[in-house]
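Worksheet for the structure shown next.
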Amino acid sequence: MKTQSWVEQEFASTKLPDERYRANLYKMVTRLSERPEASFSSACGELVRKAAWRLFSSSELDLSGGHEAATLSRCKAEQVILVVEDTTDLNYWNHKQTEGLGLLGGQKTVLGLCVHSALALNEAGDPLGLVGEHIWPPKTDKEKRKAPGKFDITEKESNKWLLALGWIDRMFKDFSGTVIAIGDREADIYEHFTASRGHNVQLLVRIRDVRRKVEFEGQSCNVKELATNMPLYGYLEVTIRRQKDREERLAKLAVRYGPVTCLVPQKKKGEPVAMWVIHVKEVGVKDGITPIEWYLFTTLPVTSLADAIRIIEYYSKRWTIERFHYVLKQGLRIERLQFDNYKRLTNAIQLYLIIGWYLLRLAYVAKVSPDKSASEYFDELDIKLVEQFANKKVDTVKQYIIALSSIAGFVPSKKQPLPGEKLLWQSIRTLVAMRAGFLMAQNYGTG
Numbered sequence: 062m063k064t065q066s067w068v069e070q071e072f073a074s075t076k077l078p079d080e081r082y083r084a085n086l087y088k089m090v091t092r093l094s095e096r097p098e099a100s101f102s103s104a105c106g107e108l109v110r111k112a113a114w115r116l117f118s119s120s121e122l123d124l125s126g127g128h129e130a131a132t133l134s135r136c137k138a139e140q141v142i143l144v145v146e147d148t149t150d151l152n153y154w155n156h157k158q159t160e161g162l163g164l165l166g167g168q169k170t171v172l173g174l175c176v177h178s179a180l181a182l183n184e185a186g187d188p189l190g191l192v193g194e195h196i197w198p199p200k201t202d203k204e205k206r207k208a209p210g211k212f213d214i215t216e217k218e219s220n221k222w223l224l225a226l227g228w229i230d231r232m233f234k235d236f237s238g239t240v241i242a243i244g245d246r247e248a249d250i251y252e253h254f255t256a257s258r259g260h261n262v263q264l265l266v267r268i269r270d271v272r273r274k275v276e277f278e279g280q281s282c283n284v285k286e287l288a289t290n291m292p293l294y295g296y297l298e299v300t301i302r303r304q305k306d307r308e309e310r311l312a313k314l315a316v317r318y319g320p321v322t323c324l325v326p327q328k329k330k331g332e333p334v335a336m337w338v339i340h341v342k343e344v345g346v347k348d349g350i351t352p353i354e355w356y357l358f359t360t361l362p363v364t365s366l367a368d369a370i371r372i373i374e375y376y377s378k379r380w381t382i383e384r385f386h387y388v389l390k391q392g393l394r395i396e397r398l399q400f401d402n403y404k405r406l407t408n409a410i411q412l413y414l415i416i417g418w419y420l421l422r423l424a425y426v427a428k429v430s431p432d433k434s435a436s437e438y439f440d441e442l443d444i445k446l447v448e449q450f451a452n453k454k455v456d457t458v459k460q461y462i463i464a465l466s467s468i469a470g471f472v473p474s475k476k477q478p479l480p481g482e483k484l485l486w487q488s489i490r491t492l493v494a495m496r497a498g499f500l501m502a503q504n505y506g507t508g
């Protein structure tokens, strides 16, 4: 990912209102990706900031199109694509001058927007690019209560899951492999299960409503009862990531699976849906620890323990979309954006989504492509500079990432062999300063 080449690859076919904007767009993206923790104005500088304001005001701008074409190009080499989805709230509570914001959580004073993103991964977990995004001002609680039960799915926020299926169908209509749309418990919606999908598109959803009625082996029951009705087929050990309220641990999961028919919920019209369910529950947990328990519904066939384990591993990669939103908020500080209306702000957000993908991929590339040549991904001058700093030869992607992160003080260990996103942001910022100093010394000498 040479800095200039990645920018050109993602934005070369971006639809602009005037081609004269392209040079400034390249500068904008490059500067924002190289200074992820800086404000928009500080990173871009006065002239590029003014160009951005004019560009983001245009109704002819399509920032996503070029990146999505590049995403599809990367996906074509794969047989299976995982599309992980999630929604995040962007809090602009102190931007009362920005027109078009909604009220987050129905609260009276918390202004903001909601963003639903869909990210394409390969089976190894490499983030290949964005499939689509939906940005909207949330409705107030009063608007939601206006006609309870009367809203069509297209008028509800849950329509985002159907919109995402539309993005997937458009992007992958000629794709020869399998695409799996992966959603968390929010995606547990009957209309999502019954929505039209391309012939190569499958669903994988974690169930929220364990009271949902299903049919199993000819008998009607709810989802929760499936755990005692299905046989135990085996066990799987997985590493549970550390979070604020828990330490990282190795969990042993009991695995059950079987075919089910999802029945039509009360007050809804439609047909039953044939799916497969996988139930996993952690066993042997210590006192005080809440065991993991998932019910996963999928349209993929599950006829063996190997099938079940593969699909569980697919679902575990949904975590990547949460890391993507972490990059947007904590790395790029997207909630600091200050634009005066909805159009300019949402165009800026679309740009940040693509930059966020690039920064996220930097953190993942050493995990999924550790032995590839560093020169395939990174600028030759940057490689030389990190070699000088680390006093080590850099040939592979993994060597480059470790040498780069050593700028911010990272030392690999058995527990943490690779740096996290935050260390990479800090290292990139320092590397940019090192590169600027090196080029200045070359051009003007040292004195």
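Under our numbering, the sequence shown is numbered contiguously, ending at residue 508.
Just so you know, even glycine gets a beta-carbon here, dropped at the ideal spot from N, CA and C.
Using 7 Å as the threshold, is the C-beta distance between residue i and residue j below it?
i, j, result
"L297", "I370", "yes"
"I553", "D147", "The chain is shown from 62 up to 508; residue 553 falls before or after that span and cannot be answered."
"Y294", "L366", "yes"
"R394", "R96", "no"
"A469", "Q487", "yes"
"I196", "E252", "no"
"G126", "K200", "no"
"H128", "I415", "yes"
"A131", "Q70", "yes"
"N408", "L122", "yes"
"N152", "E437", "no"
"T359", "W337", "yes"
Please classify residue i as buried or exposed, where buried requires at least 16 other C-beta atoms within 10 Å of its C-beta.
i, result
"F72", "buried"
"M232", "buried"
"E80", "exposed"
"D249", "buried"
"V145", "buried"
"R115", "exposed"
"E482", "buried"
Please report the residue range of the alpha helix (DSSP H) in which residue i lies.
i, result
"L86", "R83 to E95"
"S377", "L366 to S377"
"F117", "E107 to F117"
"R317", "Element bounds for R317: not the alpha helix (DSSP H) but the beta strand (DSSP E), R310 to C323."
"E448", "E441 to A451"
"Y387", "W380 to Y387"
"E98", "Neither: E98 is in no alpha helix (DSSP H) and is coded neither H nor E."
"H253", "Y251 to T255"
Counting only the same chain and skipping the five closest in sequence on each side, list residues whose C-beta sits under 8 Å from that of residue i.
i, result
"R496", "L442, D443 and L446"
"D187", "R422, Y425, V426, V429 and S430"
"Y376", "I243, L265, R267, W355 and L357"
"L311", "E298, V299, T300 and I301"
"V455", "A435, I444, V447, E448, Y461 and A464"
Identify, in the order they occur along the chain, each residue of the same chain with its Cβ nearer than 6 Å to the Cβ of residue i, setting aside the five sequence neighbours on each side.
i, result
"V109", "N85, K88 and M89"
"Q140", "G238"
"K285", "V271"
"V262", "I229 and V240"
"V493", "E95"
So, for residue i: in the same chain, excluding its five sequence neighbours on each side, which residues have a beta-carbon less than 7 Å away from its beta-carbon?
i, result
"K274", "S281, N283 and L324"
"P431", "T457, V458 and K459"
"N402", "T159, E160 and G161"
Are any of the Cβ atoms in chain E nearer than 7 Å to that of residue i?
i, result
"W355", "Protein chains in the displayed structure number just one, and chain E is not present."
Over the uninterrupted beta strand (DSSP E) stretch that includes residue i, give me the two end residues.
i, result
"V458", "Counting along the chain, V458 falls outside any beta strand (DSSP E), though it belongs to the alpha helix (DSSP H) covering V458 to S466."
"I241", "T239 to G244"
"K404", "No beta strand (DSSP E) holds K404; the alpha helix (DSSP H) holding it covers Y403 to V429."
"E354", "E354 to T359"
"A335", "V334 to V344"
"V266", "V262 to R267"
Could you name each continuous alpha helix (DSSP H) segment of 4 residues or more that falls completely within the segment 278-303, going from the start of the chain to the end?
-> List check, alpha helix (DSSP H) in window: 287-290.
Where in the segment 153-237 do unbroken runs of the beta strand (DSSP E), each at least 3 residues long, occur, reported from the N-terminal end onward?
-> The segment 153-237 contains these whole beta strand (DSSP E) runs: 172-182 and 188-197.
Hey, which unbroken runs of the beta strand (DSSP E) at 3 residues or more fall wholly within the segment 119-158?
-> The qualifying runs are 141-152.
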